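Numbering (the numbering used here), first residue to last: 2 to 241. The structure under discussion appears below in the form of structure tokens.
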């Protein structure tokens, strides 16, 4: 039996992960539950972990996985699946070579578990920009509820510049193809048509700032003509 606050926190985490693919921060949990300090959130998370509802990974930002939900909550949608699960479903590991995300195609409905196949197009830098995107190496099944309208693709994350946004080195991000984005969105940005990076977009007059979520990395400012938006983050898949 969960207390009211424990239930509220579990459902808040569940809804946030279902909507964005990324668990909320402790500050966001504190605000959502109207608590005065994060120590109360730590106690609630610990209690949920001890009761088998949550699992945490040490020394990793926002690394919270929902293991189960209360029995009276119907049809939970669990966006985080492991790479091993994806490989078992797709039977593919593949090889890598350069390409463009626009070749990804339309996601296809997977035959099992209500998932949709999204093409994995290679690696993206969450750090210093690296060589632009690679071609399809596999099909990744993700819960259909994670996807927005239009076409999607997935990329493996390299680097740690987005850890405070809950995106870790080795994660796979699910991207909605888009040529435009709002300030504050986490985007795939192609710089000078040669380097791709995953960053938060900020518009500053006629310039575009690509902002990291790690104080070890500085915000980079570019002229608008140097940056091409390739898509927006809609979800995340983590390997455990």
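Just so you know, even glycine gets a beta-carbon here, dropped at the ideal spot from N, CA and C. All values reported here derive from a predicted model rather than from experimental measurement.
{"Query": "Identify the continuous beta strand (DSSP E) that holds residue 52 and give its terminal residues.", "Result": "No beta strand (DSSP E) contains residue 52, which DSSP labels as neither H nor E."}
{"Query": "Are the stretch 174-193 and the stretch 154-161 in contact at 8 Å, needing three or more beta carbon pairs?", "Result": "yes"}
{"Query": "At a cut of 8 Å, does the stretch 195-209 reach the stretch 225-232 through at least three beta carbon pairs?", "Result": "yes"}
{"Query": "Please report the distance separating the alpha-carbon of residue 32 from that of residue 199.", "Result": "27 Å"}
{"Query": "Within 10 angstroms of the Cβ of residue 212, are there 16 or more other Cβ atoms? Answer buried if so, exposed if not.", "Result": "buried"}
{"Query": "Could you round the C-beta distance between residue 174 and residue 143 to whole angstroms and report it? I think they count as a contact, below 8 Å.", "Result": "Actually they do not touch by this definition, with Cβ atoms about 11 Å apart."}
{"Query": "Helix, strand or coil for residue 29? Go by DSSP, reduced to three states.", "Result": "helix"}
{"Query": "Exposed or buried, residue 181, counting other C-beta atoms within 10 Å across all chains shown (16 or more means buried)?", "Result": "exposed"}
{"Query": "Could you give the first and the last residue of the continuous alpha helix (DSSP H) run that contains residue 18?", "Result": "5-21"}
{"Query": "Quick one: Cα of residue 3 to Cα of residue 40, how far?", "Result": "18 Å"}
{"Query": "Cα-Cα, which of 47, 178 and 234 is closest to residue 151?", "Result": "178"}
{"Query": "Excluding the 5 residues flanking residue 6 on each side, which residues of the same chain have their C-beta closer than 7 Å to its C-beta?", "Result": "34 and 45"}
{"Query": "Counting only the same chain and skipping the five closest in sequence on each side, list residues whose C-beta sits under 6 Å from that of residue 203.", "Result": "184, 210 and 212"}
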